[in-house]
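Asks:
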Amino acid sequence: MASYTDKAGRPIVVVTGAGMVTSLGQGKQDNWAKLIAGKSGIHRITRFPIDGLRTTIAGTVDFLAESGRSAPDLSEELASLAAAEAIAESGIGSKGNFPGPLFCAVPPIEIEWPQRRVLAQESAANGPITYDDLLRAAEAGTHEAWHERFLYGSIADHLADKFGTRGQPISLSTACASGNTSIQLGIEAIRRGDCEAALSIATDGSVTAEALIRFSLLSALSTNNENPEAASRPFSKNRDGFIIAEGAGALVLESLEHAMARGAEIIGVLEGVGEMADSFHRTRSSPDAKPVIGCMRAALTDAGVTADDIDYINAHGTSTPENDRMEFTGMSAVFGERIGSIPLSSNKSMIGHTLTAAAAIEAVISLLTIRNGRIPPTINYEIPDPAIPLDVVPNVARDTQVNRVMSNSFGFGGQNVCLLLTGEPA
Numbered sequence: 013m014a015s016y017t018d019k020a021g022r023p024i025v026v027v028t029g030a031g032m033v034t035s036l037g038q039g040k041q042d043n044w045a046k047l048i049a050g051k052s053g054i055h056r057i058t059r060f061p062i063d064g065l066r067t068t069i070a071g072t073v074d075f076l077a078e079s080g081r082s083a084p085d086l087s088e089e090l091a092s093l094a095a096a097e098a099i100a101e102s103g104i105g106s107k108g109n110f111p112g113p114l115f116c117a118v119p120p121i122e123i124e125w126p127q128r129r130v131l132a133q134e135s136a137a138n139g140p141i142t143y144d145d146l147l148r149a150a151e152a153g154t155h156e157a158w159h160e161r162f163l164y165g166s167i168a169d170h171l172a173d174k175f176g177t178r179g180q181p182i183s184l185s186t187a188c189a190s191g192n193t194s195i196q197l198g199i200e201a202i203r204r205g206d207c208e209a210a211l212s213i214a215t216d217g218s219v220t221a222e223a224l225i226r227f228s229l230l231s232a233l234s235t236n237n238e239n240p241e242a243a244s245r246p247f248s249k250n251r252d253g254f255i256i257a258e259g260a261g262a263l264v265l266e267s268l269e270h271a272m273a274r275g276a277e278i279i280g281v282l283e284g285v286g287e288m289a290d291s292f293h294r295t296r297s298s299p300d301a302k303p304v305i306g307c308m309r310a311a312l313t314d315a316g317v318t319a320d321d322i323d324y325i326n327a328h329g330t331s332t333p334e335n336d337r338m339e340f341t342g343m344s345a346v347f348g349e350r351i352g353s354i355p356l357s358s359n360k361s362m363i364g365h366t367l368t369a370a371a372a373i374e375a376v377i378s379l380l381t382i383r384n385g386r387i388p389p390t391i392n393y394e395i396p397d398p399a400i401p402l403d404v405v406p407n408v409a410r411d412t413q414v415n416r417v418m419s420n421s422f423g424f425g426g427q428n429v430c431l432l433l434t435g436e437p438a
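Those letters in the sequence shown? Residues 13 to 438, per our numbering, in order.
1. Helix or strand or just coil, what does DSSP make of Phe-247?
2. Residues in its own chain within less than 7 Å of Asn-237 by CB, not counting five upstream and five downstream?
3. Is the Cβ-Cβ distance between Gly-191 and Ala-371 less than 8 Å?
4. When you compare the region 227 to 244 with the region 282 to 290, are there three or more beta-carbon pairs, one atom per stretch, that lie closer than 8 Å?
5. Roughly how many angstroms separate the alpha carbons of Thr-3 and Phe-60, rounded to a whole number?
6. Put Ala-163 into one of helix, strand or coil per three-state DSSP.
7. How would you label His-293, buried or exposed, when you count the other beta carbons within 10 angstroms and need 16 or more for buried?
8. Closer than 7 Å by C-beta to Ser-87: which residues in its own chain qualify, once you throw out the five before and the five after it? Chain order, please.
9. Evaluate contact between the region 177 to 192 and the region 105 to 116, counting only Cβ atoms and requiring at least three cross-stretch pairs below 8 Å.
10. Pick from Asp-300, Ala-345 and Leu-356: whose alpha carbon is nearest that of Ile-325?
11. Taking the Cβ atom as the reference point for each residue, do Cys-307 and Val-429 lie within a distance shorter than 8 Å?
12. With 16 as the cutoff for other CB atoms within 10 Å, does Thr-34 come out buried or exposed?
13. Within the continuous beta strand (DSSP E) that includes Ile-255, where are the two ends?
14. Select from Phe-340, Val-404 and Ala-223 the residue whose C-alpha is nearest the C-alpha of Leu-367.
15. For Gln-196, count the other beta carbons within 10 Å of its own beta carbon; 16 or more makes it buried, fewer makes it exposed. Which is it?
16. For Ala-45 and Ile-351, what's the separation of their Cα atoms in angstroms?
17. Considering just the uninterrupted stretch of the beta strand (DSSP E) at Ile-195, what are its terminal residues?
18. Checking 8 Å against the spacing of the C-beta atoms, do Leu-433 and Glu-283 come in under that value?
19. So what's Ala-289 in DSSP terms, helix, strand or just coil?
20. Do Lys-302 and Gly-329 have their beta-carbon atoms positioned less than 8 Å apart in this structure?
21. Taking C-beta to C-beta, are Tyr-16 and Ser-248 nearer than 8 Å?
22. Please state whether the Cβ-Cβ distance between Asn-335 and Ser-297 is less than 8 Å.
23. For Ser-106, which residues from the same chain have a beta carbon less than 8 Å from its beta carbon, with the 5 sequence-adjacent residues on both sides left out?
24. Give me the Cβ distance between Ile-448 and Glu-258, rounded to the nearest whole Å; I'm assuming they're in contact under 8 Å.
25. Taking only three categories from DSSP, how would you classify Asp-300?
26. In angstroms with no decimal places, state the Cα-to-Cα distance between Gly-31 and Ile-104.
27. Identify, in the order they occur along the chain, each residue of the same chain with its Cβ nearer than 6 Å to the Cβ of Val-414, setting aside the five sequence neighbours on each side.
28. Can you list, in chain order, the residues of its chain with a C-beta nearer than 6 Å to that of Val-376? Leave out the 5 residues immediately preceding and following it.
29. Residues in its own chain within less than 6 Å of Met-343 by CB, not counting five upstream and five downstream?
30. Give me the residue from Leu-65, Ala-152, Pro-84 and Ala-327 with the minimum Cα distance to Leu-402.
31. Using C-beta distances below 8 Å, list every residue in its chain close to Pro-23, excluding the 5 sequence neighbours before and after it, in chain order.
32. Whose C-beta lies closer than 6 Å to the C-beta of Ala-345 among residues of the same chain, with five residues either side of it excluded?
33. Return the CA-CA distance between Asn-250 and Asp-169, expressed in angstroms with no decimal places.
34. Under a three-way DSSP split, which group does Thr-330 fall into?
35. For Asp-411, I'd like the list of residues in its chain whose CB is within less than 7 Å of its CB, leaving aside the five on either flank, ordered along the chain.
36. Are the Cβ atoms of Ile-279 and Leu-379 separated by less than 8 Å?
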């Protein structure tokens with residue numbers, strides 16, 4: 013008789029559908045072909061004026077009708093496309109009646125510059141636009157669409173209506189770990205018995221001039237504007253910052269028993285999850301990597317496996333000097349001397365850092381890695397960093413059997429979530 017529970021007696025959580033959109037294209041097939049070919053989706057920004065900006069390149073999604081609209085509009089469309097692909101693959105809820113809750117990671121909603129200009133013209137006050145100005149505009153009823161968009165949950169609410177998810181949709185943000193958090197909430201809900209299926213989505217379409225300015229003030233972005241495709245260089249000695257990007261990832265999660273009862277194809281297992289946060293700094297992670305170490309060890313413990321059972325690491329790998337060094341420190345503590353021989357790679361070398369969406373996209377890529385037995389490379393790895401001796405699968409994809417993946421996501425402010433994924437239930 014098949015066992016539907018894990019070593020701890022909890023329902024096994026499987027993935028029956030996955031979808032993604034990045035600057036490389038729409039859908040898993042297009043993205044996977046370009047990822048294993050080592051193609052970059054980073055390019056010069058054309059969506060808005062870039063005069064005076066220190067960084068003028070990004071991984072924007074420019075091939076959709078919504079690409080020229082507001083960040084919330086684009087974020088919603090990216091999420092909708094990824095979710096539709098995942099639901100279609102799973103064969104569940106395809107008629108707008110998804111039988112479970114929605115956990116949706118979305119970027120912060122802000123008043124964008126075109127809206128600010130309109131409010132400035134309408135405001136009697138001189139100086140910066142304030143929240144009071146926004147409230148007055150909403151009260152006047154002249155910008156009803158704005159009012160809805162400024163509600164943080166509007167994206168998740170629209171997606172819940174479109175796909176017919178059950179219960180109150182959950183909107184969340186844990187910085188760059190948000191995608192894994194959305195998956196974690198789905199795992200925990202199924203394990204508790206709250207539901208038999210869940211839809212986890214993470215999206216981010218918020219590349220704006222203001223975002224570039226803010227990250228530039230933190231010295232976080234690459235300024236290698238002359239050569240966009242070579243600008244993201246995770247773990248290289250000459251790395252100089254991350255590339256901001258856009259995209260979305262979505263997963264349909266089910267209990268193994270529910271999936272098998274309806275004859276669904278299982279494309280992967282969410283075997284373990286670990287989280288750990290710290291209060292070291294508003295944006296920086298603790299340089300001693302203690303929270304990251306605890307996060308990875310928690311994921312291994314949750315799955316009931318050891319570090320020796322990991323075949324591949326989908327690294328956070330942002331291409332910032334400090335973060336890559338911190339991640340290496342953490343992985344070295346968890347994996348010991350073996351860390352130099354475990355293949356790992358950073359998808360961000362090709363698609364950039366999609367911030368809120370990054371972890372979910374990387375979870376989808378991790379599943380594709382297991383299924384296809386091919387590891388996407390870390391491109392632009394021309395100058396190894398002797399302080400970070402790793403097998404980063406440099407520049408060329410590698411064919412090898414991968415049974416279990418650790419996917420790391422370490423967010424601003426020390427918000428960390430790690431996933432362990434396998435191909436088949438034990």
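C-beta: ideal position from N, C-alpha, C; glycine also. Note that this is a predicted model, so its numbers are computed, not measured.
Replies: In short:
1. The DSSP-derived three-state label of Phe-247 is coil.
2. The beta carbon of Asn-237 sits closer than 7 Å to those of Thr-67, Thr-68 and Ile-69, all from its chain and outside the five residues before and after it, given in chain order.
3. Contact annotation: Gly-191 and Ala-371 have beta-carbon atoms nearer than 8 Å.
4. Segments in contact, no.
5. The structure shown does not extend to residue 3, since the chain spans only 13 to 438, so no value can be given for it.
6. In the sequence under discussion, the amino acid at residue 163 is Leu, which differs from the Ala named in the question. Leu-163 sits in coil when the DSSP states are folded into three classes, being neither helix nor strand.
7. The Cβ neighbour count for His-293, taken over all protein chains shown within 10 Å, is under 16; the residue is labelled exposed.
8. So the list reads Val-118, Pro-119, Ile-167, Thr-215, Asp-216, Gly-217 and Ser-218, once near-sequence residues are dropped.
9. Three or more Cβ pairs closer than 8 Å define a contact, and the region 177 to 192 meets that threshold against the region 105 to 116.
10. For the residues Asp-300, Ala-345 and Leu-356, the minimum Cα distance to Ile-325 belongs to Leu-356.
11. For Cys-307 and Val-429, yes; Cβs fall inside 8 Å.
12. It is buried - the Cβ of Thr-34 has at least 16 other Cβ atoms within 10 Å.
13. No beta strand (DSSP E) contains Ile-255, which DSSP labels as neither H nor E.
14. When each option's Cα is compared against that of Leu-367, the closest is Ala-223.
15. Buried is the call here.
16. For Ala-45 and Ile-351, the distance between alpha carbons rounds to 28 Å.
17. Ile-195: not part of any beta strand (DSSP E); member of the alpha helix (DSSP H) spanning 190 to 204, first to last residue.
18. Contact: yes.
19. Residue state for Ala-289 is assigned as strand, using DSSP reduced to three classes.
20. In this structure, Lys-302 does not lie closer than 8 Å to Gly-329 by Cβ.
21. Not in contact: Tyr-16 and Ser-248 (Cβ atoms no closer than 8 Å).
22. Cβ atoms of Asn-335 and Ser-297: closer than 8 Å.
23. Ile-99 and Ala-100.
24. For the chain, the structure presents residues 13 to 438; residue 448 sits outside this window and is missing.
25. In the three-state scheme derived from DSSP, where H, G and I count as helix and E and B as strand, Asp-300 is classed as coil.
26. Each residue's alpha carbon lies about 14 Å from the other.
27. For Val-414, the CB contacts under 6 Å within the same chain, skipping 5 residues up- and downstream, are Asp-323, Tyr-324, Thr-381 and Ile-382 in chain order.
28. Excluding positions up to five away in sequence, the list reads Ala-30, Met-32 and Gly-261.
29. The residues are Ile-351.
30. Nearest C-alpha to Leu-402: Ala-327.
31. Counting only Cβ-Cβ distances below 8 Å, and skipping sequence neighbours, we find Tyr-16, Thr-17, Ile-202, Arg-203, Gly-205, Ser-267, Leu-268 and Glu-269.
32. Excluding its 5 nearest sequence neighbours in each direction, Ala-345 has C-beta neighbours in its own chain below 6 Å: Ile-305, listed in chain order.
33. For Asn-250 and Asp-169, the gap between their C-alpha atoms comes out near 43 Å.
34. Coil at Thr-330, not helix or strand.
35. A distance below 7 Å between beta-carbons, with the five flanking residues on each side excluded, links Asp-411 to the following residues of its chain, in chain order: Gly-385 and Arg-386.
36. Contact: yes.
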